[in-house]
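A short worksheet on the structure shown next.
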Amino acid sequence: MLHLVIAEAELEPVPKDIANHPAVVNHARRRGKRPEETILDATYHHAAIKKLPDGERRGRPDIVHVCLLNALESIANREGLLRVYVHTRNDEVIYVKPETRIPRNYNRFVGLMESLFKNRAVPRDLKLLRLEEKSLGELVDEIKPDGVFVMHEDGELMKPPEFGRTLSRFQNPLVVVGGFPHGDFRGKIPGRKVSLYREPLMAWTVVNEIIINFEHWSL
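The structure is reproduced here in C-alpha coordinates:
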(Lines of atoms letter the chains of each structure in order from A and count residues from 1; the text may use other names and numbers.)
(Lines give C-alpha, C1' and ligand atoms only; values in the text may rest on other atoms or scores of the structure.)
Protein backbone atom coordinates (compact mmCIF):
# COMPACT_ATOMS: atom_id res chain seq x y z
CA MET A 1 0.00 0.00 0.00
CA LEU A 2 1.42 3.35 -1.07
CA HIS A 3 0.59 6.30 1.19
CA LEU A 4 0.77 9.66 -0.59
CA VAL A 5 0.77 12.85 1.48
CA ILE A 6 0.38 16.28 -0.12
CA ALA A 7 2.16 18.19 2.64
CA GLU A 8 2.09 21.82 3.77
CA ALA A 9 -0.60 22.35 1.15
CA GLU A 10 -1.57 25.98 0.60
CA LEU A 11 -5.23 25.22 1.24
CA GLU A 12 -6.94 27.24 3.98
CA PRO A 13 -9.96 29.42 4.72
CA VAL A 14 -9.40 33.16 4.45
CA PRO A 15 -7.45 34.22 7.59
CA LYS A 16 -9.20 36.67 9.93
CA ASP A 17 -6.38 39.18 9.38
CA ILE A 18 -7.58 39.89 5.84
CA ALA A 19 -11.27 38.96 6.09
CA ASN A 20 -12.24 42.63 5.83
CA HIS A 21 -10.03 43.40 2.85
CA PRO A 22 -12.10 44.69 -0.13
CA ALA A 23 -10.79 41.96 -2.46
CA VAL A 24 -11.96 39.28 -0.02
CA VAL A 25 -15.27 40.94 0.87
CA ASN A 26 -16.24 41.57 -2.76
CA HIS A 27 -15.41 38.02 -3.84
CA ALA A 28 -17.35 36.55 -0.92
CA ARG A 29 -20.35 38.77 -1.64
CA ARG A 30 -20.45 37.61 -5.27
CA ARG A 31 -20.56 34.02 -4.03
CA GLY A 32 -23.11 34.66 -1.31
CA LYS A 33 -20.77 33.63 1.50
CA ARG A 34 -19.17 35.17 4.56
CA PRO A 35 -15.53 36.14 3.89
CA GLU A 36 -14.10 33.84 6.56
CA GLU A 37 -15.98 30.86 5.10
CA THR A 38 -14.33 31.18 1.69
CA ILE A 39 -11.12 29.47 0.63
CA LEU A 40 -8.05 31.67 0.22
CA ASP A 41 -7.29 31.90 -3.49
CA ALA A 42 -4.45 33.94 -4.98
CA THR A 43 -6.42 34.41 -8.19
CA TYR A 44 -9.09 36.48 -6.44
CA HIS A 45 -7.36 37.59 -3.23
CA HIS A 46 -3.96 38.60 -4.58
CA ALA A 47 -4.07 42.14 -3.19
CA ALA A 48 -5.00 40.87 0.27
CA ILE A 49 -2.57 37.94 0.31
CA LYS A 50 0.37 40.32 -0.08
CA LYS A 51 -0.30 41.43 3.50
CA LEU A 52 0.12 37.89 4.89
CA PRO A 53 3.34 36.18 6.01
CA ASP A 54 4.57 33.84 3.22
CA GLY A 55 2.08 35.60 0.97
CA GLU A 56 3.97 34.68 -2.19
CA ARG A 57 3.13 31.00 -1.75
CA ARG A 58 -0.34 31.07 -0.17
CA GLY A 59 -3.79 30.69 -1.68
CA ARG A 60 -3.13 27.78 -4.04
CA PRO A 61 -6.03 25.31 -3.70
CA ASP A 62 -5.56 24.50 -7.39
CA ILE A 63 -2.44 22.47 -6.55
CA VAL A 64 -4.42 20.18 -4.24
CA HIS A 65 -7.24 19.98 -6.79
CA VAL A 66 -5.07 18.70 -9.64
CA CYS A 67 -3.06 16.36 -7.39
CA LEU A 68 -6.23 14.76 -6.02
CA LEU A 69 -7.80 14.38 -9.46
CA ASN A 70 -4.72 12.60 -10.77
CA ALA A 71 -4.21 10.40 -7.72
CA LEU A 72 -7.81 9.29 -7.24
CA GLU A 73 -8.32 8.51 -10.93
CA SER A 74 -5.14 6.41 -11.06
CA ILE A 75 -5.06 2.67 -11.64
CA ALA A 76 -3.26 2.23 -8.31
CA ASN A 77 -6.20 3.79 -6.49
CA ARG A 78 -8.72 1.72 -8.45
CA GLU A 79 -6.76 -1.41 -7.51
CA GLY A 80 -6.75 -0.54 -3.82
CA LEU A 81 -3.02 0.15 -3.66
CA LEU A 82 -3.13 3.85 -2.77
CA ARG A 83 -4.16 6.04 0.16
CA VAL A 84 -4.09 9.82 -0.18
CA TYR A 85 -3.92 12.49 2.51
CA VAL A 86 -3.65 16.29 2.42
CA HIS A 87 -1.72 18.03 5.19
CA THR A 88 -2.24 21.81 5.26
CA ARG A 89 0.04 24.67 6.27
CA ASN A 90 -2.07 25.03 9.45
CA ASP A 91 -1.47 21.43 10.59
CA GLU A 92 -4.77 19.96 9.53
CA VAL A 93 -5.08 16.63 7.76
CA ILE A 94 -7.70 15.73 5.18
CA TYR A 95 -8.35 12.00 5.02
CA VAL A 96 -9.51 11.01 1.55
CA LYS A 97 -11.41 7.76 1.03
CA PRO A 98 -10.33 5.92 -2.14
CA GLU A 99 -13.85 5.96 -3.56
CA THR A 100 -14.04 9.76 -3.40
CA ARG A 101 -14.76 11.46 -6.71
CA ILE A 102 -13.29 14.95 -6.71
CA PRO A 103 -15.23 17.49 -8.84
CA ARG A 104 -13.40 18.19 -12.09
CA ASN A 105 -14.72 21.74 -12.10
CA TYR A 106 -12.42 23.94 -10.03
CA ASN A 107 -15.17 26.17 -8.62
CA ARG A 108 -17.12 23.13 -7.44
CA PHE A 109 -13.95 21.79 -5.82
CA VAL A 110 -13.47 25.06 -3.93
CA GLY A 111 -17.07 24.88 -2.75
CA LEU A 112 -16.45 21.34 -1.54
CA MET A 113 -13.39 22.47 0.42
CA GLU A 114 -15.37 25.31 1.98
CA SER A 115 -17.96 22.81 3.18
CA LEU A 116 -15.22 20.54 4.51
CA PHE A 117 -13.54 23.28 6.56
CA LYS A 118 -16.94 24.34 7.92
CA ASN A 119 -18.40 20.91 8.70
CA ARG A 120 -15.18 18.87 9.18
CA ALA A 121 -16.56 16.08 6.98
CA VAL A 122 -18.32 15.82 3.60
CA PRO A 123 -20.79 14.45 2.98
CA ARG A 124 -21.69 14.18 6.64
CA ASP A 125 -23.24 10.73 6.32
CA LEU A 126 -20.43 9.09 4.28
CA LYS A 127 -17.42 11.17 5.37
CA LEU A 128 -15.61 10.67 2.07
CA LEU A 129 -13.45 13.61 3.12
CA ARG A 130 -12.65 14.15 6.80
CA LEU A 131 -10.68 17.01 8.37
CA GLU A 132 -8.73 16.69 11.63
CA GLU A 133 -6.25 18.91 13.43
CA LYS A 134 -3.01 16.96 13.14
CA SER A 135 0.63 17.62 12.35
CA LEU A 136 2.49 15.84 9.59
CA GLY A 137 4.60 14.04 12.19
CA GLU A 138 1.49 12.76 13.95
CA LEU A 139 0.08 11.52 10.64
CA VAL A 140 3.29 9.65 9.84
CA ASP A 141 3.27 8.04 13.30
CA GLU A 142 -0.35 7.01 12.76
CA ILE A 143 0.33 5.39 9.37
CA LYS A 144 3.44 3.56 10.64
CA PRO A 145 5.19 3.28 7.26
CA ASP A 146 8.20 1.02 6.75
CA GLY A 147 9.82 3.67 4.54
CA VAL A 148 9.40 7.46 4.27
CA PHE A 149 10.45 9.41 1.18
CA VAL A 150 10.35 13.19 0.77
CA MET A 151 10.26 14.60 -2.74
CA HIS A 152 12.77 17.45 -2.76
CA GLU A 153 14.64 19.26 -5.52
CA ASP A 154 17.88 18.86 -3.55
CA GLY A 155 17.31 15.17 -2.87
CA GLU A 156 19.05 12.11 -4.28
CA LEU A 157 18.45 12.07 -8.03
CA MET A 158 16.59 8.94 -9.10
CA LYS A 159 14.93 8.19 -12.41
CA PRO A 160 11.17 7.70 -11.97
CA PRO A 161 11.24 3.97 -12.90
CA GLU A 162 14.02 3.40 -10.38
CA PHE A 163 12.04 5.17 -7.68
CA GLY A 164 8.93 3.15 -8.51
CA ARG A 165 10.93 -0.04 -8.12
CA THR A 166 12.32 1.19 -4.79
CA LEU A 167 8.81 1.86 -3.49
CA SER A 168 7.62 -1.59 -4.56
CA ARG A 169 10.15 -3.20 -2.22
CA PHE A 170 8.31 -1.82 0.80
CA GLN A 171 5.05 -3.10 2.23
CA ASN A 172 3.82 0.27 3.48
CA PRO A 173 5.83 3.14 1.97
CA LEU A 174 4.91 6.79 2.49
CA VAL A 175 5.81 9.57 0.05
CA VAL A 176 5.61 13.26 0.92
CA VAL A 177 5.02 15.77 -1.90
CA GLY A 178 4.96 19.51 -1.21
CA GLY A 179 1.59 21.12 -1.90
CA PHE A 180 2.99 24.62 -2.45
CA PRO A 181 4.05 26.44 -5.65
CA HIS A 182 7.76 27.00 -4.92
CA GLY A 183 10.33 27.15 -2.16
CA ASP A 184 11.09 24.61 0.56
CA PHE A 185 9.11 22.91 3.28
CA ARG A 186 8.54 25.26 6.21
CA GLY A 187 9.13 22.54 8.80
CA LYS A 188 11.49 19.62 9.20
CA ILE A 189 10.30 16.60 7.25
CA PRO A 190 11.94 13.31 8.29
CA GLY A 191 12.65 10.82 5.53
CA ARG A 192 14.89 10.06 2.58
CA LYS A 193 14.99 13.01 0.19
CA VAL A 194 14.51 12.09 -3.46
CA SER A 195 14.42 14.13 -6.67
CA LEU A 196 12.99 12.74 -9.91
CA TYR A 197 14.44 15.34 -12.26
CA ARG A 198 17.32 17.79 -12.49
CA GLU A 199 14.91 20.74 -12.45
CA PRO A 200 11.98 21.59 -10.12
CA LEU A 201 8.66 20.00 -11.10
CA MET A 202 5.10 20.96 -10.24
CA ALA A 203 3.51 18.90 -7.49
CA TRP A 204 0.99 17.23 -9.81
CA THR A 205 3.75 16.13 -12.18
CA VAL A 206 5.61 14.54 -9.27
CA VAL A 207 2.42 12.82 -8.12
CA ASN A 208 1.84 11.40 -11.60
CA GLU A 209 5.40 10.09 -11.92
CA ILE A 210 5.32 8.48 -8.48
CA ILE A 211 2.03 6.68 -9.00
CA ILE A 212 2.64 5.54 -12.59
CA ASN A 213 6.05 4.10 -11.78
CA PHE A 214 4.80 2.52 -8.57
CA GLU A 215 2.06 0.84 -10.60
CA HIS A 216 4.61 -0.54 -13.05
CA TRP A 217 6.33 -2.56 -10.34
CA SER A 218 3.35 -3.30 -8.09
CA LEU A 219 0.50 -4.44 -10.34
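For the sequence shown, the working numbering assigns the number 288 to the last residue and increments by one with no breaks.
Don't be surprised by glycine CBs; every beta carbon is placed ideally from N, CA and C.
A quick note: this is a predicted structure, and the numbers were derived from the prediction, not measured.
With DSSP collapsed to three states, give me the class of residue i.
{"i": "P56", "result": "An answer regarding residue 56 cannot be provided, because it is not within the stretch 70 to 288 covered by the chain."}
{"i": "D86", "result": "helix"}
{"i": "R193", "result": "coil"}
{"i": "R238", "result": "coil"}
{"i": "G248", "result": "coil"}
{"i": "M271", "result": "coil"}
{"i": "G224", "result": "strand"}
{"i": "F218", "result": "strand"}
{"i": "Y290", "result": "The first residue shown for the chain is 70 and the last is 288, placing residue 290 beyond what the model contains."}
For residue i versus residue j, is the C-beta distance shorter than 7 Å?
{"i": "L80", "j": "P122", "result": "no"}
{"i": "A76", "j": "I280", "result": "no"}
{"i": "W273", "j": "N139", "result": "yes"}
So residue i packs on residue j, CB below 8 Å; how close in whole Å?
{"i": "H156", "j": "L236", "result": "Not a contact, Cβ separation roughly 19 Å."}
{"i": "E183", "j": "E105", "result": "About 10 Å; that fails the 8 Å criterion."}
{"i": "H221", "j": "V153", "result": "That belief does not hold up - the Cβ atoms of H221 and V153 are roughly 20 Å apart, past 8 Å."}
{"i": "V245", "j": "I258", "result": "6 Å"}
{"i": "L198", "j": "A190", "result": "7 Å"}
{"i": "L270", "j": "F232", "result": "No, L270 and F232 are not in contact; Cβ-Cβ is about 13 Å, not under 8 Å."}
In whole angstroms, what is the alpha-carbon distance linking residue i and residue j?
{"i": "A111", "j": "Y175", "result": "14 Å"}
{"i": "L109", "j": "H285", "result": "37 Å"}
{"i": "R234", "j": "K187", "result": "40 Å"}
{"i": "N277", "j": "P91", "result": "38 Å"}
{"i": "K85", "j": "S287", "result": "46 Å"}
{"i": "I212", "j": "C136", "result": "20 Å"}
{"i": "E201", "j": "K166", "result": "14 Å"}
{"i": "F283", "j": "I118", "result": "37 Å"}
{"i": "A116", "j": "P230", "result": "42 Å"}
{"i": "L185", "j": "K196", "result": "10 Å"}
{"i": "D194", "j": "I163", "result": "16 Å"}
{"i": "L208", "j": "M227", "result": "26 Å"}
{"i": "G101", "j": "P192", "result": "21 Å"}
{"i": "F254", "j": "S143", "result": "26 Å"}
{"i": "P242", "j": "D210", "result": "13 Å"}
{"i": "V74", "j": "R99", "result": "33 Å"}
If I measure Cβ to Cβ from residue i and keep anything under 8 Å in the same chain, skipping five residues before and after, which residues do I get?
{"i": "R126", "result": "E79, F249, P250, H251, G252"}
{"i": "H114", "result": "V83, I87, H90, A92, V93, H96, G128"}
{"i": "R103", "result": "A97"}
{"i": "L141", "result": "V153, V165, P167, T169, R170, I171"}
{"i": "E161", "result": "L200, E201, E202, K203"}
{"i": "V275", "result": "M220, V246, L265"}
What does a CB cutoff of less than 6 Å around residue i pick up in its chain, not counting 5 residues either side in sequence?
{"i": "L151", "result": "L71, A145"}
{"i": "Q240", "result": "D215"}
{"i": "E225", "result": "V263"}
{"i": "I132", "result": "G248, A272"}
Excluding the 5 residues flanking residue i on each side, which residues of the same chain have their C-beta closer than 7 Å to its C-beta?
{"i": "F178", "result": "H134, I171, P172"}
{"i": "G260", "result": "V217, F218, V219, V245"}
{"i": "G124", "result": "I118"}
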